[in-house]
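By the numbering used here, the letter at position 123 of the sequence shown is numbered 128, and the numbering carries on one by one without gaps. Note that CB positions come from ideal geometry on N, CA and C, so glycine has one too. Only a predicted model underlies this, so the values are computations on that prediction, with no experimental measurement involved.
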Amino acid sequence: MTDRQTLIYPAPLREGDKIVFCSPAGLIAPEKVEAAAEVLRGQGWRVAIMPHAFGEYGSFSGTPDERYADLSDALLDPEVKAIICSRGGYGVVHILDRLNRLDLRANAKWIAGFSDISALHALMSVNGIASLHSSMAAHIMLGADDPDNAAMFAILRGERPAYTFDGHNFDRCGVATGKLLGGNVAVIAELISTPYDIIVPGSILFIEDIAEPIYKIERILYQLKLSGVLGRLNGLIVGQFTDYKPDSNFNDMYEMIRDATASYDYPVAYNAPIGHVDHNIPLIESAQVTLKVNPSGRNSLIFHRSPSDEK
C-alpha cells in the first residue's frame, strides 16, 4: 500500500459510537485517562480502555506484544470508530511493522494523538488513511469547553477546520496547496528511508519538537536539504519548539530554521500553535490543505473536503 491511493477519511462519529484509549508508547497515570474518558462520554460516545493501557514495562505501558495486541484488536474491531492514544513518549516504532501487516483500509478509523504518535500517523498515511494529530488524555481531561478539544470533537464528527493564527517576523509570505504531513520532527526523521517516510516532495510539512538541541534539528534539516526533499516542499509550517536552550550559533530554533530554508521560495509560517504547548490545534494528517502566509501577520490553514470524505 502506498500514500498514492485514494485517501480514506474514517467515518464521522455519531451518538453512541465507540472510542477506545490505547497506550502504544509510554506509561500513563490511569486517573488522566479516566478523566478524559468521562469528557468523551459527556459527548455521547461510548468509551472503553484497552487491557494494557495502564500497564508498566520499564518506561513503556507494556511489552511490545501487549501494546501491539491492544492496538491491533482496536484497529480490527468494526465496533470501534476512533482510537485515542493516551500519551506519547517513545515506543510506537517497536510495533510499526506488525501493524502495517494488518488490513487497515478495510475498517478505517480515526487514530488521534501527537508526539511519538507521529509514527502511527506515518503508518496511516502510507496506507492512505487520514488521522488526527491532536490532544491526548492530559489535555482532553480539561473538558469539552477547551477550544482545541472542541475542534478535535468537531473533526471526529465530520467537520473540516479552517484556522487562523498569528504570524512571525520570519514568515515567508505566499500561498501553497498540498497534502499536510508531519508531526514531531525527531520521530518522523527516524523514519526517513523506511516504508514510513512521509517527508516527501510536494507536501506541506509541519514540524514541532520538545527538548531537542538546536543543532540536532539543524542536522535533520540538512539531511533533508542534501537529499533534495527540503527544497521540493510546497510549504512549511513551523510549530512550537520547547524546552531547549540557545547555543553559540543561534539564539533560538526559528533563527536556525530561517537560515536553513533561506534559499527556497515556498511559503513558511512560523509560530503555529502546534506541539507540546497548551494550545495545540488538531490537524488532519494526509488531508489536502491550503496554507496562506500573509503580509498582514495573520496566517491561515484551510482543510479541503474530499470525495471520499464521508458527510
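In the three-state reduction of the DSSP assignment, ILE279 falls in the coil class, being assigned neither a helical nor a strand state.
Taking all protein chains shown into account, GLN245 has 16 or more neighbouring C-beta atoms within 10 Å of its C-beta and is therefore buried.
Following the DSSP letters along the chain, one finds PHE308 inside the beta strand (DSSP E) bounded by residues 303–308. With fewer than 16 other beta carbons inside 10 angstroms of its own, HIS284 counts as exposed. Secondary structure at ILE89: strand, using DSSP grouped into helix, strand and coil. Shown here, ALA117 sits in a strand according to DSSP, grouped into three states. Counting the other Cβ atoms within 10 Å of the Cβ of HIS138 gives 16 or more, which makes it buried. Inclusion of ASP75 and HIS99 in the CB contact set at 7 Å is not warranted, their separation being larger than that value. A Cβ-Cβ contact shorter than 7 Å links PHE170 with PRO278. In the assembly as shown, HIS309 is an exposed residue. Its beta-carbon has fewer than 16 other beta-carbons within 10 Å. One alpha carbon belongs to SER120, the other to ILE89, and they sit about 13 Å apart.
Apart from the 5 residues on each side of it in sequence, GLY236 sits with its Cβ closer than 8 Å to the Cβ of LYS230, SER268 and TYR269 in its chain, given in chain order. The straight-line gap separating the alpha-carbon atoms of GLY183 and ASP176 is approximately 18 Å. For LEU147, the closest C-alpha among the options LEU306, GLY21, ALA16 and ALA40 is that of ALA40.
When C-beta atoms of the region 54–72 are compared with those of the region 154–163, fewer than three pairs fall below 8 Å, so the two segments do not count as touching. For TYR168, the enclosing beta strand (DSSP E) starts and ends at 167–171. ASN256 counts as exposed, since fewer than 16 other C-beta atoms from the protein chains shown sit within 10 angstroms of its C-beta. Counting of Cβ neighbours within 10 angstroms places SER232 among the exposed residues, the total staying below 16.
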